[in-house]
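Quick notes on the structure that follows.
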Amino acid sequence: MKKSRLFLGMVFAATLFVSCSDDDNDNDVEEPLDQSELILGEWNYISQTLNGEDIEFNDECQKENEYQIYTSDGVYNQTEFENITGNGCEQVASTVGTWSIEDSILNLNLGSDPEDHSALTILELSENTLKYQIKIDYDNDGVLDDYIGILSRRN
Numbered sequence: 001m002k003k004s005r006l007f008l009g010m011v012f013a014a015t016l017f018v019s020c021s022d023d024d025n026d027n028d029v030e031e032p033l034d035q036s037e038l039i040l041g042e043w044n045y046i047s048q049t050l051n052g053e054d055i056e057f058n059d060e061c062q063k064e065n066e067y068q069i070y071t072s073d074g075v076y077n078q079t080e081f082e083n084i085t086g087n088g089c090e091q092v093a094s095t096v097g098t099w100s101i102e103d104s105i106l107n108l109n110l111g112s113d114p115e116d117h118s119a120l121t122i123l124e125l126s127e128n129t130l131k132y133q134i135k136i137d138y139d140n141d142g143v144l145d146d147y148i149g150i151l152s153r154r155n
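Quick note on full-length UniProt numbering: the sequence shown kicks off at 1 and runs consecutively.
Right under this line is the structure:
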């Protein structure tokens, strides 16, 4: 009788051990956000490169205050600041358009002219970092340059 109680106790304990494993949580795993969800919000520039070389911002005002906003309804806004007069940061430009992402290409449409369309290749997009690449004639010398912008989430 003692042996059967001991055996039943071991079976009961083993059943509890197996039934309490944590593989029930497989259904609780969150799906990763897609790029169109990750990009939503405000982003500040932190660095930029041109043809593999770091390029400086015009001034600290530009680096610290310029930002991009991507909204859930597809609106894109970029606000630019500079310290032109030496009396502090001044907003010098605000660009509004639309955005979309397809196959890691961030499409920005800033007007009806084909030149107002930019296709940026997303190199990295996470909760905190947006890194993109675009081929543009940055220095107006007639040659396409390889520009990479790195931004961090502002909000």
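Every residue, glycine too, gets a C-beta built ideally from N, C-alpha and C. Since we're looking at a predicted model, the values are computed, not measured.
Same chain only: Cβ atoms within 6 Å of residue i, ignoring 5 sequence neighbours per side
i          : result
residue 45 : 66, 151
residue 94 : 79
CA-to-CA distance, residue j to residue i, given in whole angstroms
i           : j           : result
residue 85  : residue 103 : 43 Å
residue 43  : residue 153 : 5 Å
residue 142 : residue 52  : 18 Å
residue 91  : residue 62  : 9 Å
Among the options, the one whose alpha carbon lies nearest that of residue i
i           : options           : result
residue 109 : 70, 42, 55        : 70
residue 75  : 96, 142, 112, 135 : 96
residue 115 : 121, 122, 107     : 107
residue 48  : 89, 98, 134       : 134
residue 99  : 87, 139, 40       : 40
residue 60  : 92, 117, 83       : 83
residue 139 : 55, 111, 33       : 55
residue 73  : 64, 101, 81       : 101
residue 123 : 146, 112, 137     : 146
Rounded Cβ spacing between residue i and residue j (contact assumed at less than 8 Å)
i           : j           : result
residue 131 : residue 105 : Not quite, the Cβ-Cβ distance comes to about 14 Å (not below 8 Å), so this is no contact.
residue 120 : residue 35  : In fact, because the Cβ distance is near 12 Å, the residues do not count as touching under 8 Å.
Chain-order list of residues whose beta-carbon lies under 8 Å from that of residue i (same chain, five-residue window excluded)
i           : result
residue 129 : 150, 151, 152, 153
Endpoints, the alpha helix (DSSP H) within which residue i is located
i           : result
residue 36  : 35-38
residue 127 : Unbroken run through residue 127: none, as it is neither H nor E.
Beta strand (DSSP E) segment containing residue i, residue limits
i           : result
residue 82  : 75-82
residue 109 : 105-109
Sequence-distant residues of its chain with Cβ nearer than 7 Å to residue i (five each side left out)
i           : result
residue 137 : 143, 144, 145
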